[in-house]
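Residue 43 is where the sequence shown starts when you use the working numbering, and the numbers rise one by one after that.
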Amino acid sequence: MFEYVERRVLRFHKNGDPREVLQMEKEKFQFKLEEGQVLIRWLCSPINPLDINIVQGVYAIQRELPAIGGSEAAGRVVKTHANSTLKQGDLVFPFISMSPNCWTDYSVANEDQLVKVDSRIDPLMASTFSVNPCTAWQMLRNFVEMNAGDWIIQNSANSGVGRSVIQLAKAWGIHSINIVRDRANIEKLKIELKHIGATHVFTEEEFAKNGRTFVREIVQNTHGGTVKLAFNGVGGRSCLAIAGALARGGTLITYGGMSKKAHEFSTAQLVFNDIRVRGIANGMWLMEGGHEEIVERMLKDLQELAVLGKLTPPPLDYHKIEDFKIAIENSMDGKHGKQMFIFEKATDSGFTSSPTSFSSLSPNSSFSEFPNGSSTSAFYPYQPIEVEVYAQTVDAEPQKRRSKRRSANRGKYNGQIGRPPKYLTNLITVDVETQMNRHKHTDDVLRKRRQKLALETCRRKKDQDIQVIV
Numbered sequence: 043m044f045e046y047v048e049r050r051v052l053r054f055h056k057n058g059d060p061r062e063v064l065q066m067e068k069e070k071f072q073f074k075l076e077e078g079q080v081l082i083r084w085l086c087s088p089i090n091p092l093d094i095n096i097v098q099g100v101y102a103i104q105r106e107l108p109a110i111g112g113s114e115a116a117g118r119v120v121k122t123h124a125n126s127t128l129k130q131g132d133l134v135f136p137f138i139s140m141s142p143n144c145w146t147d148y149s150v151a152n153e154d155q156l157v158k159v160d161s162r163i164d165p166l167m168a169s170t171f172s173v174n175p176c177t178a179w180q181m182l183r184n185f186v187e188m189n190a191g192d193w194i195i196q197n198s199a200n201s202g203v204g205r206s207v208i209q210l211a212k213a214w215g216i217h218s219i220n221i222v223r224d225r226a227n228i229e230k231l232k233i234e235l236k237h238i239g240a241t242h243v244f245t246e247e248e249f250a251k252n253g254r255t256f257v258r259e260i261v262q263n264t265h266g267g268t269v270k271l272a273f274n275g276v277g278g279r280s281c282l283a284i285a286g287a288l289a290r291g292g293t294l295i296t297y298g299g300m301s302k303k304a305h306e307f308s309t310a311q312l313v314f315n316d317i318r319v320r321g322i323a324n325g326m327w328l329m330e331g332g333h334e335e336i337v338e339r340m341l342k343d344l345q346e347l348a349v350l351g352k353l354t355p356p357p358l359d360y361h362k363i364e365d366f367k368i369a370i371e372n373s374m375d376g377k378h379g380k381q382m383f384i385f386e387k388a389t390d391s392g393f394t395s396s397p398t399s400f401s402s403l404s405p406n407s408s409f410s411e412f413p414n415g416s417s418t419s420a421f422y423p424y425q426p427i428e429v430e431v432y433a434q435t436v437d438a439e440p441q442k443r444r445s446k447r448r449s450a451n452r453g454k455y456n457g458q459i460g461r462p463p464k465y466l467t468n469l470i471t472v473d474v475e476t477q478m479n480r481h482k483h484t485d486d487v488l489r490k491r492r493q494k495l496a497l498e499t500c501r502r503k504k505d506q507d508i509q510v511i512v
């Protein structure tokens, strides 16, 4: 028997500029689960350069048209086949990145293309697992044997792959030299990248001027090391610069070409320094198959690091699916951070018991509790949320010194991003959508706080005294 759900989709009927060919459509999605299939309710999905290239029609592997966009996401299992190894309420992400078509509310997916996520990992992190962290892991583990104390160099260090490389290298004791494009807030960016684990950060201009001296005096003479690996996501002269930092016999791995220029190498680098040049396409590598043991080890490593807080997502800008044109524009102009679709009112975490029919379900449906009794709020940082805060008590003497105006307003909080006053003990109403729109174009610090607020308001009640009203 066929069932259906109401859903929204971002679909393209022809290849071209994503800002022009992508359309949001509403439809009744009819499905019948076969052996090994599950119905997924997608919660959040980032926009990757891969997604843009697929819509443009310039990626090596194309989808049959019309097609739904999206290659990476996190979602909840809401219906399973009788013999499924997954259960309702499981948080999953798609791993064969060419197949999921996840810019939608619901889709049917094969179990063998999904990875169950550790319950301690939030959906934001899970939704960014399968592309950038996996690419970074492969570059650090699959090409050259790297040990603690070794050195790598990379351009595009502020990208999703670059940030993953920094964090993995830090976790494994590998030193990283990171190159980024110059910008107005460059010193702030350098501090941010060092905070997540970068050893050294240079602009392209700084490294072109002093890079060779730095590698010779700091890496070789001071630390007695050599640069074994270089990761190239830019191309052009930037590729030439990092290739020049490699030790004899070093390896340069290209995973992208953001400059849209040819990748440059000198004759001396290839002939006299004997560097190796390799390329990597994570999605195609996965589709080849035959890498089960490597994949298992990779996913185990990444989830363990995420649980420990040593692997985190990049700064994120959130968008409703209806605002897809703004999200796509921001993703393509290269001046904004990672863009993330949040599928609003995604309050379905699972079912206490499976409904006999899905005919009444829609993107706005709200479901019952998890089988394990946790909150019904799966993840949605846009809707107004009431949060009950139990703050620390304050000494009586400081209380007396407060102004009458402040005392009169005790317990009120205007929803500013950050910590509420310590004396605040009343019920707070925070309209998160207003917060996100208000600070949409502010710096990364506010964006991180916004992300933290979105996650904290959706944590389980047993973890902290927070009541989420959806």
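Just so it is clear, CB atoms sit at the ideal spot from N, CA and C, and this is done for glycine as well.
Residue i to residue j span [Cα, whole Å]
| i | j | result |
| --- | --- | --- |
| T354 | M43 | 42 Å |
| A116 | I260 | 42 Å |
| W15 | A289 | Only positions 43 to 512 of the chain appear in this structure, which leaves residue 15 out of reach. |
| K233 | E67 | What sits at residue 233 in the sequence shown is Ile, not Lys. Taking the straight line from one Cα to the other gives about 42 Å. |
| Q72 | R53 | 17 Å |
| A369 | R225 | 22 Å |
| N95 | G267 | 38 Å |
| G321 | R183 | 14 Å |
| R339 | F137 | 14 Å |
| H305 | A250 | 16 Å |
| I219 | E335 | 30 Å |
| G291 | E187 | 13 Å |
| E229 | Y46 | 52 Å |
| I103 | W327 | 12 Å |
| V63 | F273 | 33 Å |
| V257 | C281 | 16 Å |
| V243 | K236 | 8 Å |
| E48 | G111 | 18 Å |
| N197 | I284 | 7 Å |
| L538 | Q209 | Outside the displayed span of the chain (43 to 512) sits residue 538, for which this structure offers no information. |
| A554 | F314 | One cannot answer for residue 554 here, as it falls past the ends of the chain, which runs 43 to 512. |
| E248 | K158 | 43 Å |
| G298 | G275 | 4 Å |
| G204 | E346 | 19 Å |
| G202 | T241 | 17 Å |
| S513 | I194 | Given that the chain is displayed from residue 43 to residue 512, the structure contains no residue 513 and the question cannot be resolved. |
Simplified DSSP state of residue i, which is helix, strand or coil
| i | result |
| --- | --- |
| S218 | strand |
| L128 | coil |
| W179 | helix |
| L210 | helix |
| G202 | helix |
| I233 | helix |
| E248 | helix |
| S280 | helix |
| I238 | coil |
| A116 | strand |
| P108 | coil |
| T264 | helix |
| W84 | strand |
| E256 | Contrary to the premise, residue 256 reads as Phe rather than Glu in this sequence. Looking at F256 - three-state DSSP - the assignment turns out to be helix. |
Residue from the options with nearest C-alpha to residue i
| i | options | result |
| --- | --- | --- |
| L39 | V80, E259, H378, T255 | With the chain covering only 43 through 512, there is no way to say anything about residue 39. |
| R384 | N90, Y297, D93, L166 | Reading off the sequence, residue 384 comes out as Ile, not Arg. Considering only alpha carbons, the answer is L166. |
| D192 | V269, P175, N152 | V269 |
| D154 | M300, L128, V120 | L128 |
| A151 | D164, V120, F171 | V120 |
| E364 | V51, V47, E45 | V51 |
| V207 | G239, A109, S113, D160 | G239 |
| R223 | P60, S301, Q130 | S301 |
| M374 | D59, E45, E48, R49 | D59 |
| K74 | G298, A109, R118, T122 | T122 |
| C144 | V97, V63, R83 | R83 |
| N125 | I194, D160, G78 | G78 |
| E69 | I221, S161, D147, K352 | D147 |
| K352 | A109, P175, P88 | P175 |
Residue i burial status per 10 Å Cβ neighbour count (16 or more: buried)
| i | result |
| --- | --- |
| D377 | Per the sequence presented here, residue 377 reads as Lys, with Asp not at that position. Burial call: exposed. |
| H361 | buried |
| M329 | exposed |
| L312 | exposed |
| Q381 | buried |
| F21 | Lying outside 43 to 512, the shown extent of the chain, residue 21 is not represented and no answer is given. |
| A199 | buried |
| K342 | exposed |
| T264 | exposed |
| V100 | exposed |
| H55 | exposed |
| Q130 | buried |
| N252 | exposed |
Requested in this report: Enumerate, from N- to C-terminal direction, the unbroken beta strand (DSSP E) stretches of 3 or more residues contained entirely within the segment 320 to 389.
Outcome: DSSP runs (the beta strand (DSSP E)) wholly in the segment 320 to 389: 358 to 361, 380 to 384.
Query raised in the report: Which ranges would you report for the beta strand (DSSP E) in the segment 55 to 81 if only whole runs of at least 3 residues count?
Result: Runs found: 64 to 73.
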